[in-house]
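Undergrad: Below is the structure I would like to discuss, written out as structure tokens.
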Amino acid sequence: HEKFAINDTSLIPHYAVLDPNLTLGLPPGITATTGMDAFTHAVEAYIGNSNTSETKEMSKATVKLVVDNVFEAYSNGSNYTARENMQKASYYGGIAFTRAYVGYVHAVAHTLGGFYNTPHGLANAVILPYVLKAFGTSVHAKLAELEQLITGTGNNEPNDIKANRFIERIISLNQKMGIPTKIQGIEEKDIPLMVERAYHEANPLYPVPRIFTRDDLTKIYYEIMG
19 HEKFAINDTS
29 LIPHYAVLDP
39 NLTLGLPPGI
49 TATTGMDAFT
59 HAVEAYIGNS
69 NTSETKEMSK
79 ATVKLVVDNV
89 FEAYSNGSNY
99 TARENMQKAS
109 YYGGIAFTRA
119 YVGYVHAVAH
129 TLGGFYNTPH
139 GLANAVILPY
149 VLKAFGTSVH
159 AKLAELEQLI
169 TGTGNNEPND
179 IKANRFIERI
189 ISLNQKMGIP
199 TKIQGIEEKD
209 IPLMVERAYH
219 EANPLYPVPR
229 IFTRDDLTKI
239 YYEIMG
């Protein structure tokens, strides 16, 4: 199977109803992975090359809300305020990525969903740190901005230090919520076709900070393979 997006102006809703009561019984695992999905939307929108002042603000709001609330929502699902804040994060992240697009995390995640029915939020959560590391210096400045937003400190630290701390923060948050570091079930024989699909989904549609080659994408698949 192949997973892809269907876009049309007729699909754009006029209103979004955010009712935290509807999410109070959401299981911890789904809370964690959907929360990190919203986080991934925000980060990919922020580091891309098509962001605007609005999408940057929406991305930053999402990142801060997720970092401050997702673990509480995961560990205490009846916390109304945490659920409310996560709904806001999901909404703000949606505003960001539908205007500024996503990137290679989503391109790879879509292939995993198509080939193995890997839950989308789980795939994004696992893949995100690997892709951010692979981007290297091209994203250090923007990741440093997000890290400084979270901590409120570190003005005098080099960008690479703050950027790497941001990536480690993602890894730690995943670990705290039981999200694995690898995707189980990836078959080596499928990797060449998944690479082609991810490559053609992302290039030239997604305004990524650095263009990955097929070899770059192949490396990502092997890194996430359980």
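Residue numbers (the working numbering): 19 to 244.
Beta carbons are placed, not taken as given, at the ideal position from N, Cα and C, and that holds for glycine.
Which term fits K207, buried or exposed, when burial requires 16 or more other beta carbons within 10 angstroms of its beta carbon?
TA: Label assigned to K207: exposed.
Undergrad: By how many angstroms is the C-alpha of G121 removed from the C-alpha of A152?
TA: If you take the alpha carbons of A152 and G121, they lie about 13 Å apart.
Undergrad: Taking the alpha helix (DSSP H) that S28 belongs to, which residues open and close that run?
TA: Element bounds for S28: n/a, residue is neither H nor E.
Undergrad: How should Y239 be labelled, buried or exposed, when 16 other C-beta atoms within 10 angstroms of its C-beta is the threshold for buried?
TA: By the 10 Å Cβ count, Y239 comes out buried.
Undergrad: Who are M243's beta bridge partners in DSSP?
TA: DSSP output for M243 lists I201 as bridge partner(s).
Undergrad: The alpha helix (DSSP H) with F184 in it runs from where to where?
TA: Here the alpha helix (DSSP H) through F184 covers 177-194.
Undergrad: By a C-beta neighbour count over all protein chains shown, 10 Å radius and 16 as the cutoff for buried, is V35 buried or exposed?
TA: Flag for V35 reads exposed.
Undergrad: My guess is that Y119 and A159 are in contact by the Cβ rule of under 8 Å, so how many angstroms apart are they, rounded?
TA: The pair is not a contact, with the Cβ atoms about 19 Å apart (cut-off 8 Å).
Undergrad: Is the segment 124-133 in contact with the segment 212-225, if contact means three or more CB pairs nearer than 8 Å?
TA: Judged by Cβ distances under 8 Å, the segment 124-133 makes contact with the segment 212-225, as three or more pairs qualify.
Undergrad: Considering only the beta carbon of each residue, do P225 and S77 sit closer than 7 Å?
TA: Contact flag unset, no.
Undergrad: Excluding the five sequence neighbours on either side, which residues of its own chain have a C-beta within less than 6 Å of the C-beta of I189, listed in chain order?
TA: Only P147 meet the Cβ criterion.
Undergrad: Count the other CB atoms, across all protein chains shown, that sit within 10 Å of the CB of D26; report buried if there are 16 or more and exposed otherwise.
TA: D26 is exposed by the Cβ-count criterion.
Undergrad: For V149, which residues of its own chain have a beta-carbon under 6 Å away from its beta-carbon, when the five flanking residues on both sides are left out?
TA: Y122, V123, listed in sequence order.
Undergrad: Quick one: give me the first and last residue of the alpha helix (DSSP H) that H128 is part of.
TA: First-last of the alpha helix (DSSP H) with H128: 122-134.
Undergrad: Which of the three DSSP states is assigned to P137 in this structure?
TA: Note: P137 maps to coil in three-state DSSP.
Undergrad: Hey, could you find the ends of the alpha helix (DSSP H) R101 is sitting in?
TA: That run of the alpha helix (DSSP H) goes 98-118.
Undergrad: Buried or exposed for I179, going by 16 or more other Cβ atoms inside 10 Å?
TA: Exposed, by the Cβ-count rule.
Undergrad: In angstroms with no decimal places, state the Cα-to-Cα distance between I48 and F57.
TA: Distance between the alpha carbons of I48 and F57: 14 Å.
Undergrad: Quick check on D37: does DSSP put it in helix, strand or coil?
TA: In the structure shown, D37 sits in coil (DSSP, three-state: anything other than H, G, I, E or B).
Undergrad: Comparing C-alpha positions only, which one of M195, A141, D233 sits nearest to G244?
TA: For the residues M195, A141, D233, the minimum Cα distance to G244 belongs to A141.
Undergrad: Is DSSP giving G154 helix, strand or coil here?
TA: In the structure shown, G154 sits in a helix (DSSP, three-state: H, G or I).
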